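Residues 1 to 98 (the UniProt record's numbering) are what the sequence shown spells out, left to right.
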Amino acid sequence: MTAVEVFVDEAGSARLVGQSHFTRTRSEISTTFLYEPGYLADGGMSIDPVLLLVSGSEHQPGLVRAFAREVEISLLPVREVGKRSRRGEGIGVCSHAE
Numbered sequence: 001m002t003a004v005e006v007f008v009d010e011a012g013s014a015r016l017v018g019q020s021h022f023t024r025t026r027s028e029i030s031t032t033f034l035y036e037p038g039y040l041a042d043g044g045m046s047i048d049p050v051l052l053l054v055s056g057s058e059h060q061p062g063l064v065r066a067f068a069r070e071v072e073i074s075l076l077p078v079r080e081v082g083k084r085s086r087r088g089e090g091i092g093v094c095s096h097a098e
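The structure is reproduced here in structure tokens:
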């Protein structure tokens with residue numbers, strides 16, 4: 001399983017949106033997402049149509065589209081991920097393999 005903290009860029013400042021966990025089996029991947037309570041309380045917006053603005057974890061089979069590009073980026077060498085992160089555009093991720 002890989003745990004990921006998800007941030008959104010708001011006027012040049014990173015805001016924690018929630019945490020996602022990706023689980024891989026032999027031929028499949030699944031996504032579990034949990035919005036940060038403060039993000040929900042402050043009127044945060046949904047980051048993907050399949051991720052409703054609810055407290056509690058949401059499980060989705062497959063890879064949620066909001067993360068598809070970021071997961072590809074995380075497969076790049078670390079220096080490339082760092083370059084990408086410094087741009088501060090859109091959704092960003094910080095992954096922690098478990």
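Think of the CB as a built atom: it goes at the ideal place given N, C-alpha and C, for glycine as much as any other residue.
Predicted model only: the values in this text are computed from it and were never measured.
Look at Leu51 and Phe33 and say whether their C-beta atoms are less than 8 Å apart.
Cβ atoms of Leu51 and Phe33: closer than 8 Å.
Three-state secondary structure (DSSP) at Glu5?
Glu5 falls in the strand class under three-state DSSP.
Which residue or residues does DSSP assign as beta-bridge partners of Tyr35?
Under DSSP, Tyr35 forms a beta bridge with Gly18.
Please return the same chain residues whose Cβ sits closer than 7 Å to the Cβ of Asp48, not counting the five positions on each side in sequence.
Excluding sequence neighbours, Asp48 sits near Val64, Arg65 and Ala66.
Using the Cβ count rule (16 or more neighbours within 10 Å means buried), how would you classify Thr23?
A residue is called buried when at least 16 other Cβ atoms come within 10 angstroms of its Cβ; Thr23 does not meet this threshold and is exposed.
At which residues does the beta strand (DSSP E) containing Arg58 begin and terminate?
Note on residue identity: the sequence assigns Glu, not Arg, to residue 58. If you look at Glu58, you'll find it in the beta strand (DSSP E) that goes Glu58 to Pro61.
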